[in-house]
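Everything below concerns the one structure shown next.
Numbering (the working numbering), first residue to last: 33 to 149.
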């Protein structure tokens with residue numbers, strides 16, 4: 033939402049700051065967790081590109097970003113040595129949560145604020 037609405041720099045910075053704060057607060061700083069921040073930053077930039085360069089509506093752009101993030105995450109985490117079953121279940125559950133819960137919620141929020149941007 034941040035990248036789509038406010039640009040790629042804001043989307044990437046927001047992902048990095050919120051991701052790092054979350055990791056530090058949870059004392060969960062490790063390489064795989066840092067990769068998740070990187071993937072969120074890529075998602076913020078990609079959502080801007082899809083929305084503002086290709087003119088794709090927010091909900092479709094969000095859907096595409098979630099799929100791209102999942103496709104990128106699986107081989108990256110596998111390379112880092114994350115257990116394949118854990119990797120699959122985590123990526124699948126995260127993708128479904130994003131599509132079932134966050135997509136409608138963020139679509140509603142963007143629908144409310146999008147007219148003002």
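Yeah, the Cβ is synthetic: ideal placement off N, Cα and C, and Gly gets one too. What you are looking at is a predicted structure, and each value in this text was computed from that prediction instead of being measured.
Cutoff 7 Å; reference residue i; Cβ partners in own chain excluding five residues on either side
i: residue 119; result: 106, 109 and 110
i: residue 34; result: 42, 43, 46 and 76
i: residue 150; result: In the structure as shown, the chain begins at 33 and stops at 149. Residue 150 is therefore absent and cannot be evaluated.
Within 8 Å, strictly: CB atoms of residue i and residue j
i: residue 112; j: residue 63; result: yes
i: residue 177; j: residue 144; result: The chain is shown from 33 up to 149; residue 177 falls before or after that span and cannot be answered.
i: residue 83; j: residue 93; result: yes
Assigned exposure category for residue i - 16 Cβ within 10 Å defines buried
i: residue 148; result: exposed
i: residue 86; result: exposed
i: residue 54; result: exposed
i: residue 97; result: buried
i: residue 40; result: buried
i: residue 125; result: exposed
Bounding residues of the alpha helix (DSSP H) (the contiguous stretch that carries residue i)
i: residue 62; result: Where residue 62 is concerned, there is no enclosing alpha helix (DSSP H), given that its DSSP letter is neither H nor E.
i: residue 143; result: 135-145
i: residue 116; result: 116-129
i: residue 95; result: 90-111
i: residue 36; result: 34-38
Beta-carbon proximity list for residue i, same chain, < 8 Å, skipping 5 on both sides
i: residue 95; result: 131 and 135
Own chain, CB closer than 6 Å to residue i, minus 5 neighbours either side, in chain order
i: residue 79; result: 35, 36, 93 and 97
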